[in-house]
Structures are given as C-alpha cells and as structure tokens.
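2 protein chains.
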Amino acid sequence: MSSEADRTQPAEIGSTGHGNTRQRILDIALDLFITQGYDATSIRQIAERLGFSKASIYYHFASKQDILMALHYKLHEVGREALGSVQVPATSPEAWMALLDQLINEILEYHDLFVMQERNRAAIALLHHERHVSEHDLLEDWFHTALSDQDIGLRDRVRMACGFKAVMGLLDLVGDVFSEVPSQVLADLLREAANDLMSPKLVESHPA
Amino acid sequence: MSSEADRTQPAEIGSTGHGNTRQRILDIALDLFITQGYDATSIRQIAERLGFSKASIYYHFASKQDILMALHYKLHEVGREALGSVQVPATSPEAWMALLDQLINEILEYHDLFVMQERNRAAIALLHHERHVSEHDLLEDWFHTALSDQDIGLRDRVRMACGFKAVMGLLDLVGDVFSEVPSQVLADLLREAANDLMSPKLVESHPA
DNA sequence: GTCTATATAGGGATAGAC
DNA sequence: GTCTATCCCTATATAGAC
Numbered sequence: 001m002s003s004e005a006d007r008t009q010p011a012e013i014g015s016t017g018h019g020n021t022r023q024r025i026l027d028i029a030l031d032l033f034i035t036q037g038y039d040a041t042s043i044r045q046i047a048e049r050l051g052f053s054k055a056s057i058y059y060h061f062a063s064k065q066d067i068l069m070a071l072h073y074k075l076h077e078v079g080r081e082a083l084g085s086v087q088v089p090a091t092s093p094e095a096w097m098a099l100l101d102q103l104i105n106e107i108l109e110y111h112d113l114f115v116m117q118e119r120n121r122a123a124i125a126l127l128h129h130e131r132h133v134s135e136h137d138l139l140e141d142w143f144h145t146a147l148s149d150q151d152i153g154l155r156d157r158v159r160m161a162c163g164f165k166a167v168m169g170l171l172d173l174v175g176d177v178f179s180e181v182p183s184q185v186l187a188d189l190l191r192e193a194a195n196d197l198m199s200p201k202l203v204e205s206h207p208a
Numbered sequence: 209m210s211s212e213a214d215r216t217q218p219a220e221i222g223s224t225g226h227g228n229t230r231q232r233i234l235d236i237a238l239d240l241f242i243t244q245g246y247d248a249t250s251i252r253q254i255a256e257r258l259g260f261s262k263a264s265i266y267y268h269f270a271s272k273q274d275i276l277m278a279l280h281y282k283l284h285e286v287g288r289e290a291l292g293s294v295q296v297p298a299t300s301p302e303a304w305m306a307l308l309d310q311l312i313n314e315i316l317e318y319h320d321l322f323v324m325q326e327r328n329r330a331a332i333a334l335l336h337h338e339r340h341v342s343e344h345d346l347l348e349d350w351f352h353t354a355l356s357d358q359d360i361g362l363r364d365r366v367r368m369a370c371g372f373k374a375v376m377g378l379l380d381l382v383g384d385v386f387s388e389v390p391s392q393v394l395a396d397l398l399r400e401a402a403n404d405l406m407s408p409k410l411v412e413s414h415p416a
C-alpha cells in the first residue's frame, strides 16, 4: 500500500532484539500522548524513558509534530483500508450497522491510536491545518460526513449518530469500567445494542 | 449553596455594561480552551482578546490553572445540583433512563463547559492530582462509577453505557452535523433512541 | 485595576564531537 | 546513532509604577 516500508503491520514487534528505535519512540510517545496529552509531553520526557538524550530523538524525527504525524498517519492507513470496500455513504440504518460492525473491529485492534486521536483533537487539528493533510480517509471524519447527509430522515440520522457514538464511546470504557470483560464478549453485546438502535420498534415519522 | 458569591447563575450576563472582567476572562478562556486546548492557549492570547495586557489577568486569577479550575468548578456545581435528588446508583435500565433524561437537559444548558471538559482531560486530570479536588460530584465520574456496579447484569451495563455515551457523544454533533436541528427536537429524538436502547426487545441472558 | 519591565524556567531544535 | 553544549524563543509569573 505504501511506497517502501512494509514492516508497519503488527506495529511494534521488534525484529531481533536491538529493536527499532524509531518504533520504540512511537510506542513511548503514544503512551505519553494518551496519559498527559501531546502539548504537555516534552521531547525530554520521551528521551528519558528511552534511556537516550533529548537530541537523539531528532535523528529519527525532524520535529515533535512529526512524531504526532506518524502516529496519526497510521490511523489514516487503517481508515483507507477499512473504507476501501465502501465508497458511497450508507443511507439506511441497515447499511450503517454493517459499517459499525467493521468499526468495532478496527477500534478493538487499534484501540490506543483511537484514544490518542480523541484526546488530542486540538493538536491534530493544528497538524492538519499547518501541513495540509487531507482528512477524508480518517474514519471519524468519514462517519461525520456521512451523518450530514440531508437525504436521510432526521430520526434515522439521530439513531445512526447514537450508534456511532456508542461504539466510539466504548473506547474509554474498555480497560476501565469493562476491564474484566473479554473484548469479544463486549463487542458482541455492543453489536446487539447497536442493532436494536438501528432497527427501531415502530416507524411512522419517516419522510417519503 | 456556596459561601458568598451567588451571582454565578446564568453565567455571563454582565450586570450593567462595564461588565465583570473576571467573567469576560472566563468566557474567552472557555472559547480558547475548546478550540485550541488548554496547553496551547497562552495568557497572552487571552489578554489580547480582552484588550488588556498579560499581567492584568493575574489580578483576577492567581494562575493559569486557576482559570481552568474556575471553569471546571462550575461543572462541579452543576453536578452537585443535578445529583442532589439521586444518591444510590441506578441498578435498572429504567432508572438509568431517568438519569439520562436529566443529563440531556444539563448538557444542552452547559454545552460548552461539557465540551471543554472532554477536550482537556489531561490538563484537568493534572488539576485534580495537584490540587486534590474531589471528583465525586462530577457528572461524568458519577456515571462511570455507577457503570462499574458488578451487581448489574453485563448485558444491561453495556446498554446503559451505550446510552450514556450516545448522549454524551451528541455533544460534538449538535452545532456541527445537527446544527440545523432545534435542540429540543434533537433532545426528543435522542430520548426516544436511548429509551429503545434501555428496554431491549427480548430478554433471556439476565442473571437471577 | 491596569500598565511596563523583568525574573525565571523550560521547551523545541541545531551544531558538531564521537 | 547517540552524545554534550548551546541557541533561541515563548511561557508563566512577579514587582512595582500609575
């Protein structure tokens, strides 16, 4: 999919043992960006955890923003991949449910990246603004756009939004409130709930 | 409820016209903290919008954190108020729905404060840590705690969580995706959806 | 209550040795 | 690839005049 490096699949399994320093930096940064936020995290802090000096970071990344960029870009890849199959926004709750189904898988697999994204909206918005990154293959933006479709009845749109936010919201709760629950069990219950939401009990206020 | 000042009700209506500078600072800060984030917002920026110099801010607030604190504290008040009626966590989806009902009202009324809170989690966590603020009368924390109740069946807990997250999530969407929809219409559709979620179509996996 | 000026600290980033 | 040393800038916060 990308141009050269395809060692970017399972994220962080160091090949031999000397480990990819670049990847270690990304792992540490991901953790700190989640717990402290991007702005409150200094290069010094990252270097400290790494066991190296501050300057050494700049051999692997041109700037602090570049680290954020790299993490953010991974989600772009995930988005492009997941959205590869569907192009046109889903205009029915049923089709929407199929998308939520996929989304749940992605969220479970790339949990930390999603959380990081959500907790650093401001910093990432700046990134987009300053570096002219296209946002159209980001999962969250795609869903947002789809929800803006005025051709869908308002009642359906609200329910679709609820389903979407319920799924995204479980992000915080897994590992906290639901830490004792296996992901797959949680995912199934979530799917069931979303499904109920997407097929309302009775219908009357539908337009046309 | 508090000790002395009770001019804190509708938030920002300046009494005469000279306006409460302190309140103007809070309004500006609230806006900037939402759009740029707490860390990325400088005192200089706030002062600039105010038309005053940087130092003048420090006459009204002891520190930048104090500004965040004041905003955060308002949500505490809201929480205490709203939670005054209920003490024991709601152990049934029906009781939970009643709480969501209240929550929707609070969110609509204090929309910006809620958004600010959500977008500056890290900074506010620091606040709690360094200043030993009790979190127990914050709406979001209260709901979180309630959801951890192991006595509630897992299936119900998940649905309660979904309802909660759906309600909280509509926060971002109002004014964006649903900007053309009157709040009350949106609120009603939201209530309807949450209600469906809280009373599943068929039940069998309930424990005891 | 608001100003100017300043103290102090820490951050991002670069230069150049090893 | 990593180090030490350093530059430069901006930020929070304070002192003291008005």
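Each protein sequence line maps, in turn, to chains A and B.
1 is the number of the first residue of the first sequence in the working numbering; add one for each residue after it.
209 is the number of the first residue of the second sequence in the working numbering; add one for each residue after it.
Ideal placement from N, C-alpha and C gives every residue a C-beta, glycine not left out.
Keep in mind the model is a prediction, meaning the values are calculated, not measured.
Per-residue DSSP class, three states only, for residue i
i: L347/B; result: helix
i: V366/B; result: helix
i: Y110/A; result: coil
i: H60/A; result: helix
i: V296/B; result: coil
i: Y281/B; result: helix
i: N20/A; result: coil
i: T469/B; result: Outside the displayed span of chain B (209 to 416) sits residue 469/B, for which this structure offers no information.
i: I360/B; result: coil
i: E180/A; result: coil
i: Q273/B; result: helix
i: H352/B; result: helix
i: V323/B; result: helix
i: Q310/B; result: helix
i: G163/A; result: helix
i: V382/B; result: coil
8 Å Cβ cutoff met for residue i and residue j
i: F372/B; j: L316/B; result: no
i: G211/A; j: D247/B; result: Nothing about residue 211/A can be reported from this structure: the residues present for chain A run from 1 to 208 only.
i: Q231/B; j: L283/B; result: no
i: V167/A; j: A123/A; result: no
i: E106/A; j: A82/A; result: yes
i: I275/B; j: R257/B; result: no
i: L362/B; j: L147/A; result: no
i: G79/A; j: L170/A; result: no
i: L334/B; j: V341/B; result: no
i: L32/A; j: I46/A; result: yes
i: S199/A; j: P93/A; result: yes
i: I104/A; j: R191/A; result: yes
i: H144/A; j: V385/B; result: yes
i: R329/B; j: R119/A; result: yes
i: K64/A; j: I43/A; result: yes
Close-in-space but distant-in-sequence residues of the same chain around residue i (CB under 7 Å, 5 per side omitted)
i: H268/B; result: T229, R230, I233
i: A208/A; result: Confidence at A208/A is low in this model, with a pLDDT of 40, below 50, so the placement of that residue is unreliable and no value is reported for it.
i: S53/A; result: A47
i: Q310/B; result: A290
i: V181/A; result: none
Contacting residues, own chain, Cβ-Cβ under 8 Å from residue i (five flanking each side not counted)
i: T299/B; result: D357, D359, I360
i: C162/A; result: L197
i: L394/B; result: L378, V382, F386
i: L113/A; result: L30, L71, K74, L75, V78
i: T41/A; result: A29, L32, F33
Beta-carbon contacts of residue i that lie in its chain and below 6 Å, excluding the five residues immediately before and after
i: V158/A; result: none
i: S391/B; result: L316
i: Y318/B; result: V286
Short-range partners of chain A found in the segment 383-395 of chain B, where Cβ spacing is below 9 Å = Within the segment 383-395 of chain B, the residues whose Cβ lies closer than 9 Å to some Cβ of chain A are D384, V385, F386, E388, V389, V393, L394, listed in chain order.
Pull out every residue of the segment 153-168 of chain A whose Cβ sits closer than 9 Å to any Cβ of chain B, in chain order.
-> Under the 9 Å Cβ criterion, the segment 153-168 of chain A contributes L154, R155, R157, V158, R159, A161, C162, G163, F164, K165, A166, V167, M168.
Listed from N- to C-terminal order along the chain, which residues in the segment 337-353 of chain B have their beta-carbon within a distance smaller than 8 Å of any beta-carbon of chain A?
-> Here the close residues are H352.
Given a limit of 8 Å on CB to CB distance, which residues of the segment 248-279 of chain B reach chain A?
-> Those would be A248, in chain order.
Residues in the segment 282-306 of chain B having any Cβ partner in chain A nearer than 9 Å = Of all residues in the segment 282-306 of chain B, none has a Cβ within less than 9 Å of some Cβ in chain A.
Going along the segment 315-328 of chain B in order, which residues come within less than 7 Å of chain A, judged by CB to CB distance?
-> For the segment 315-328 of chain B, the set of residues with a beta-carbon nearer than 7 Å to any beta-carbon of chain A comprises R327, in chain order.
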